[in-house]
Amino acid sequence: MPCPAPRTPAAERVADALIPWYREHARDLPWRGEAFLHSFGAWGVLVSETMLQQTPVTRVIPHLAAWLERWPTPAALAAATPAEVVHQWANLGYPRRALWLHRAAGSIVAEHGGRIPRDVDALLALPGVGEYTARAVAVFAFGDRHPVVDTNTRRVIARVVHGREQPHPPARRDLDEMAELLPDDDQDAAAVNAAMMELGATVCGARSADCAHCPLAAECAWHRNGHPAGEDRRRRQARYEGSDRQARGAVLRALRAASAHALPVDAVLADWPDAAQRDRAIQSLVDDGLVEAFAHELRLPR
DNA sequence: CTCCGGGCTC
DNA sequence: GAGCCAGGAG
């Protein structure tokens, strides 16, 4: 565990306001509460956090239940084929995450006796597990004390602590800033981590800030200064319509619809407007291990 | 820094 | 149509 950073009085006030607010207003999500942790434990947390990477909560919920019913343990998932895994991932997006989770399950079985590691560095070594997911598992599955920083946390810190509407792009420093807000007690620290994400998701949004219902309004530098606009350092997201990503998605959707069966190459996106783009998409899917290519056929990988 | 899904909202 | 979403890898 990292050594507790010294807390300022302001940091203590933030935690003192956040914890009761969270107990009162937290959404009733499936991965909160004892039933989930008791049934699925750290594996359920790892699966849910992976699905939640860049995919909204409301879309994850039904897929998570189905996934854990089919593969209730890392060993069960490790025994599946990539084709089954990619098919089950369905339309959650960024399907490389499904392969990473599959490979992580194999590593958990081979190197950790089938149990999810508790150590952050061991978690970080798993494919598809980065700074956010590693600490989310350590904190929400095992109850340890670490800073957990996601897009919500970064935005809340930018506003409350720095008085800026928008956060800078993700940086290592974010972890230190969050660590400075954490109480010494493990459970309180976990609650503050969860509450910062919840606040950003439900009250202090990217598009709208409902300061009238915010437990941190009295502490918030951005609110106190009258919501200054400030400069916007966000990077613009590439256009999706007509992109290679869209082509990849269409190829994979066709192969999922064919289940594990192979499809003739010419039948996959036969009417795609840009043939070169279609071929580029297929090649990149093969490179990622999401598609297997034969002389004239494609299929999900076995 | 760029790439990587897909659905929903403003 | 553009931005956003419990990010991660190369």
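Okay, so the first sequence: first residue is 1 according to the UniProt record's numbering, each after it adds one.
Think of the CB as a built atom: it goes at the ideal place given N, C-alpha and C, for glycine as much as any other residue.
From the options, residue whose alpha carbon lies closest to that of residue i
i: Gly143; options: Arg299, Asp185 and Pro264; result: Asp185
i: Thr202; options: Pro228, Trp222, Val156 and Gly226; result: Val156
i: Asp28; options: Val57, Ala15, Ala10 and Ala276; result: Val57
i: Arg248; options: Trp272, Ala258, Arg235 and Thr151; result: Trp272
i: Tyr22; options: Asn152, Val192 and Val268; result: Val192
i: Leu92; options: Glu24, Ala122 and Trp67; result: Trp67
i: Gln283; options: Pro167, Pro127 and Arg245; result: Arg245
i: Ala11; options: Ala262, Glu219 and Pro264; result: Glu219
i: Phe36; options: Ala15, Glu69, Ala270 and Ala90; result: Glu69
i: Ala195; options: Ala136, Glu241, Gly226 and Arg234; result: Ala136
i: residue 306; options: Ala110, Thr81, Pro95 and His168; result: Past the edges of the chain, shown from 1 to 302, lies residue 306, and the structure says nothing about it.
i: His38; options: Asp210, His162, Ala217 and Thr73; result: Thr73
Residue i - DSSP class collapsed to helix/strand/coil
i: Pro72; result: coil
i: Ala270; result: coil
i: Ala26; result: coil
i: Leu300; result: coil
i: Ala238; result: coil
i: Leu285; result: helix
i: Leu46; result: helix
i: Pro264; result: strand
i: Leu216; result: coil
i: Trp31; result: coil
One or two residues paired with residue i in a DSSP bridge
i: Cys204; result: Ala209
i: Ala293; result: Leu298
Contact under 8 Å by Cβ, residue i with residue j
i: Gly289; j: Leu99; result: yes
i: Ala293; j: Val286; result: yes
i: Trp222; j: Arg159; result: yes
i: Leu141; j: Val45; result: A small correction: the amino acid at residue 141 is Ala; Leu does not occupy that position in the sequence shown. Closer than 8 Å, so yes.
i: Pro301; j: Ala76; result: no
i: Leu101; j: Thr50; result: yes
i: Val47; j: Leu64; result: yes
i: Ala189; j: Leu182; result: yes
i: Gln187; j: Asp232; result: no
i: Pro147; j: Met178; result: yes
i: Ile116; j: Trp43; result: yes
i: Glu241; j: Arg7; result: no
i: Ala258; j: Leu269; result: no
i: Val149; j: Leu124; result: no
i: Ala78; j: Ala122; result: no
i: Arg299; j: Ala262; result: yes
Residue ranges of each beta strand (DSSP E) run of no fewer than 3 residues wholly in the UniProt domain "HhH-GPD" (51-202), ordered along the chain? With a minimum length of 3 residues, no continuous beta strand (DSSP E) run stays inside the UniProt domain "HhH-GPD" (51-202).
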